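Please read the structure below before turning to the comments.
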Amino acid sequence: MLSLVPPTPSIPIRHSLKKTFVSLKEQEQQEAVNLITAATNSFIDALNSHNFDPSSPPWTKHHTADYTHTGNRFPKRSLSEWLAWMQATADEFPEYAIQAVDVQVQCNCNTGKAHVFLNNQTWNAPRGTVRRGLAVTEWRRDGEGKWWVVKTRTLRGMGLEDGL
(Lines of atoms letter the chains of each structure in order from A and count residues from 1; the text may use other names and numbers.)
(Lines give C-alpha, C1' and ligand atoms only; values in the text may rest on other atoms or scores of the structure.)
Protein backbone atom coordinates (compact mmCIF):
# COMPACT_ATOMS: atom_id res chain seq x y z
CA MET A 1 0.00 0.00 0.00
CA LEU A 2 1.29 3.43 -0.92
CA SER A 3 2.00 5.77 1.97
CA LEU A 4 0.03 9.02 1.81
CA VAL A 5 2.68 11.00 3.65
CA PRO A 6 5.05 12.63 1.19
CA PRO A 7 8.62 11.49 1.72
CA THR A 8 11.29 14.07 2.39
CA PRO A 9 13.65 15.01 1.02
CA SER A 10 13.15 14.40 -2.68
CA ILE A 11 15.40 11.86 -4.34
CA PRO A 12 18.67 13.24 -5.64
CA ILE A 13 18.68 14.54 -9.19
CA ARG A 14 20.77 12.50 -11.60
CA HIS A 15 22.67 13.65 -14.61
CA SER A 16 24.88 11.91 -17.11
CA LEU A 17 28.30 13.57 -16.75
CA LYS A 18 30.41 11.07 -14.80
CA LYS A 19 34.03 11.35 -16.01
CA THR A 20 36.88 11.68 -13.54
CA PHE A 21 39.14 13.77 -15.77
CA VAL A 22 37.33 16.47 -17.69
CA SER A 23 38.31 19.12 -20.20
CA LEU A 24 37.63 22.80 -19.62
CA LYS A 25 34.45 22.56 -21.75
CA GLU A 26 33.32 19.51 -19.81
CA GLN A 27 34.02 21.35 -16.57
CA GLU A 28 31.88 24.28 -17.75
CA GLN A 29 29.16 21.79 -18.70
CA GLN A 30 29.35 20.09 -15.29
CA GLU A 31 29.16 23.45 -13.49
CA ALA A 32 26.06 24.41 -15.49
CA VAL A 33 24.41 21.05 -14.76
CA ASN A 34 25.24 21.43 -11.05
CA LEU A 35 23.77 24.95 -10.97
CA ILE A 36 20.58 23.86 -12.77
CA THR A 37 20.29 20.77 -10.55
CA ALA A 38 20.58 22.86 -7.38
CA ALA A 39 18.05 25.37 -8.70
CA THR A 40 15.59 22.58 -9.55
CA ASN A 41 15.88 21.23 -6.01
CA SER A 42 15.33 24.74 -4.63
CA PHE A 43 12.14 25.15 -6.71
CA ILE A 44 10.71 21.95 -5.21
CA ASP A 45 11.76 23.04 -1.70
CA ALA A 46 10.12 26.46 -2.24
CA LEU A 47 6.84 24.87 -3.35
CA ASN A 48 6.84 22.51 -0.36
CA SER A 49 7.58 25.36 2.08
CA HIS A 50 4.84 27.47 0.43
CA ASN A 51 7.21 30.19 -0.79
CA PHE A 52 5.17 31.71 -3.63
CA ASP A 53 6.73 35.20 -3.74
CA PRO A 54 8.05 35.72 -7.30
CA SER A 55 10.53 38.35 -6.10
CA SER A 56 12.25 35.96 -3.68
CA PRO A 57 14.79 33.21 -4.29
CA PRO A 58 14.59 30.75 -5.91
CA TRP A 59 11.97 32.28 -8.23
CA THR A 60 14.38 35.06 -9.19
CA LYS A 61 16.11 32.50 -11.44
CA HIS A 62 13.11 32.83 -13.79
CA HIS A 63 13.40 35.35 -16.62
CA THR A 64 10.10 37.09 -15.84
CA ALA A 65 9.99 39.12 -19.07
CA ASP A 66 10.03 35.95 -21.18
CA TYR A 67 8.82 33.21 -18.82
CA THR A 68 5.69 31.19 -19.57
CA HIS A 69 4.15 28.21 -17.80
CA THR A 70 1.78 26.01 -19.76
CA GLY A 71 -0.02 22.84 -18.78
CA ASN A 72 -2.55 20.37 -20.02
CA ARG A 73 -5.27 21.71 -17.69
CA PHE A 74 -4.74 25.46 -17.66
CA PRO A 75 -3.85 28.32 -20.01
CA LYS A 76 -0.43 29.90 -20.49
CA ARG A 77 0.60 31.84 -17.37
CA SER A 78 3.33 34.19 -16.30
CA LEU A 79 5.48 33.30 -13.30
CA SER A 80 3.39 35.56 -11.02
CA GLU A 81 0.14 34.05 -12.28
CA TRP A 82 1.41 30.50 -11.83
CA LEU A 83 2.71 31.18 -8.31
CA ALA A 84 -0.64 32.80 -7.38
CA TRP A 85 -2.38 29.64 -8.61
CA MET A 86 0.02 27.51 -6.53
CA GLN A 87 -0.69 29.75 -3.51
CA ALA A 88 -4.43 29.15 -3.97
CA THR A 89 -3.78 25.40 -4.18
CA ALA A 90 -1.73 25.49 -0.96
CA ASP A 91 -4.40 27.60 0.78
CA GLU A 92 -7.08 25.06 -0.14
CA PHE A 93 -4.87 22.02 0.58
CA PRO A 94 -2.32 22.98 3.27
CA GLU A 95 -0.75 19.49 3.26
CA TYR A 96 -0.02 19.71 -0.48
CA ALA A 97 3.52 18.66 -1.38
CA ILE A 98 5.53 17.68 -4.44
CA GLN A 99 8.26 15.05 -4.70
CA ALA A 100 10.75 14.51 -7.52
CA VAL A 101 10.60 10.89 -8.65
CA ASP A 102 13.06 11.10 -11.54
CA VAL A 103 14.93 14.10 -12.91
CA GLN A 104 17.18 14.34 -15.95
CA VAL A 105 19.19 17.44 -16.90
CA GLN A 106 20.30 17.93 -20.50
CA CYS A 107 22.62 20.89 -20.99
CA ASN A 108 24.51 22.25 -23.99
CA CYS A 109 26.87 25.07 -23.07
CA ASN A 110 27.72 25.61 -26.76
CA THR A 111 24.13 26.63 -27.57
CA GLY A 112 23.35 28.06 -24.12
CA LYS A 113 20.28 25.84 -23.76
CA ALA A 114 19.30 23.30 -21.14
CA HIS A 115 16.23 21.23 -20.32
CA VAL A 116 15.14 19.60 -17.09
CA PHE A 117 12.78 16.62 -17.35
CA LEU A 118 11.02 16.06 -14.01
CA ASN A 119 8.72 13.15 -13.20
CA ASN A 120 6.98 14.01 -9.95
CA GLN A 121 4.24 13.10 -7.55
CA THR A 122 1.95 15.56 -5.84
CA TRP A 123 0.46 14.64 -2.50
CA ASN A 124 -2.71 15.66 -0.65
CA ALA A 125 -4.50 17.85 -3.20
CA PRO A 126 -7.09 16.82 -2.12
CA ARG A 127 -6.01 15.16 1.11
CA GLY A 128 -5.19 11.49 0.79
CA THR A 129 -4.42 11.55 -2.92
CA VAL A 130 -1.27 11.01 -4.93
CA ARG A 131 -1.04 12.24 -8.51
CA ARG A 132 1.79 11.75 -10.97
CA GLY A 133 2.97 14.49 -13.29
CA LEU A 134 5.67 15.58 -15.68
CA ALA A 135 7.38 18.96 -16.07
CA VAL A 136 9.87 20.09 -18.68
CA THR A 137 11.74 23.26 -17.79
CA GLU A 138 13.67 25.15 -20.45
CA TRP A 139 16.75 27.18 -19.49
CA ARG A 140 18.73 29.73 -21.52
CA ARG A 141 22.11 31.32 -20.80
CA ASP A 142 22.29 35.07 -21.35
CA GLY A 143 25.22 37.05 -22.79
CA GLU A 144 26.75 37.41 -19.32
CA GLY A 145 26.75 33.65 -18.72
CA LYS A 146 23.79 33.59 -16.31
CA TRP A 147 21.27 30.76 -16.68
CA TRP A 148 17.54 31.62 -16.64
CA VAL A 149 14.36 29.55 -16.66
CA VAL A 150 12.34 30.75 -19.65
CA LYS A 151 9.59 28.16 -19.98
CA THR A 152 7.92 25.33 -18.11
CA ARG A 153 5.51 22.85 -19.62
CA THR A 154 3.60 20.47 -17.36
CA LEU A 155 1.45 17.44 -17.87
CA ARG A 156 -0.59 16.69 -14.80
CA GLY A 157 -1.50 13.05 -14.28
CA MET A 158 -5.05 11.87 -13.99
CA GLY A 159 -4.69 9.00 -11.51
CA LEU A 160 -5.62 9.23 -7.87
CA GLU A 161 -3.93 6.47 -5.91
CA ASP A 162 -5.63 5.17 -2.77
CA GLY A 163 -8.77 7.21 -3.48
CA LEU A 164 -10.02 10.14 -1.47
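Residues in the sequence shown are numbered from 167 upward in steps of one, following the numbering used here. Virtual Cβ for every residue (Gly too), placed ideally from N, Cα, C. These figures come from a predicted structure and were not determined experimentally.
query                                                                                                                                                       : result
Going by alpha carbons, who is nearest to T236 out of G311, A301 and N276?                                                                                  : A301
DSSP on N286, reduced to helix/strand/coil?                                                                                                                 : strand
CB-CB under 8 angstroms to A198, same chain, minus the five flanking residues each way: which ones, in chain order?                                         : C273, C275, A280, R307 and W313
What residues are listed by DSSP as bridge partners for C273?                                                                                               : A280
Rank R297, M252, L249 and R293 by C-alpha distance to the C-alpha of Q265 and give the top, closest one.                                                    : R297
Should R243 and W251 be called a contact, given that it needs their Cβ atoms to be closer than 8 angstroms?                                                 : yes
My output table needs one value for D268: the three-state DSSP class, helix, strand or coil.                                                                : strand
So, at 6 angstroms on beta carbons, what are the nonlocal neighbours of F218 in its own chain, with the 5 sequence-adjacent residues on each side left out? : L249, M252 and Q253
CA-CA distance, T318 and P224?                                                                                                                              : 15 angstroms
Can you tell me where the alpha helix (DSSP H) with W314 in it begins and where it stops?                                                                   : Element bounds for W314: not the alpha helix (DSSP H) but the beta strand (DSSP E), W313 to R322.
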